[in-house]
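Asker:
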Amino acid sequence: AIEKFGASVLGPTRAWLKIAGNVKAAVLLAAVASAPANTMVLEIGAYCGYSAVRMAAGIPGVKVVTLEVDPVHSIIARNIIALASVADVVDIQTGHSKDLLLEMPALCTRFPDKLNFGAVFMDQKGSR
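If you want the working numbering, it's the position in the sequence shown, counting the first as 1, plus 489.
See the structure below:
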């Protein structure tokens, strides 16, 4: 639905939707799927939660920890992740990555047995 909105509503205006969709989503899923087994994915920059949903829904058994600096985007992402029924495998942390990464073991209490990242996905804003 999000990709369809971007194409049908924003496309004619030459605006773009800041998500990893279409071909980018396929590349992202292939890269994350090639990560070692029994590891997690760290996403730096959740935005609206779309790529976390794609990874959680597209790769069986994956756990995703996503960091988002903007509290409004975190709320939107939490709702999209819940709507997609993947909240049990996606953990959202709000704050700047430079601070959150230092606190990662204490923050990731939902997946304490799997705090081992096999893949990291960084977007531009979230990784500055």
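By construction, the Cβ of each residue, glycine as well, lies at the ideal position given by its N, Cα and C atoms.
Measuring alpha carbon to alpha carbon, tell me which of Ala541, Phe606, Ala546 ends up nearest Ile618.
Answerer: Given that the chain is displayed from residue 490 to residue 617, the structure contains no residue 618 and the question cannot be resolved.
Asker: Ignore the nearest five residues each way along the sequence and tell me which others in His562's own chain have a CB closer than 7 Å to its CB.
Answerer: Excluding residues within five positions, the ones whose Cβ falls inside 7 Å are Ala535, Tyr536, Cys537.
Asker: When burial is assigned at 16 or more other CB atoms within 10 Å of the CB, is Ser586 buried or exposed?
Answerer: buried
Asker: Under a three-way DSSP split, which group does Asp580 fall into?
Answerer: strand
Asker: As a quick exercise: from Ala520, Ala515, Thr583, pick the residue whose alpha carbon is nearest that of Val554.
Answerer: Minimum Cα distance to Val554 is reached at Thr583.
Asker: Name the two residues that bound the continuous alpha helix (DSSP H) containing Val554.
Answerer: Annotation: Val554 is outside any alpha helix (DSSP H); the continuous beta strand (DSSP E) that includes it extends over 553-557.
Asker: Evaluate Glu557 with the Cβ neighbour count: other Cβ atoms within 10 Å of its Cβ, from every protein chain shown; 16 or more gives buried, anything less gives exposed.
Answerer: buried
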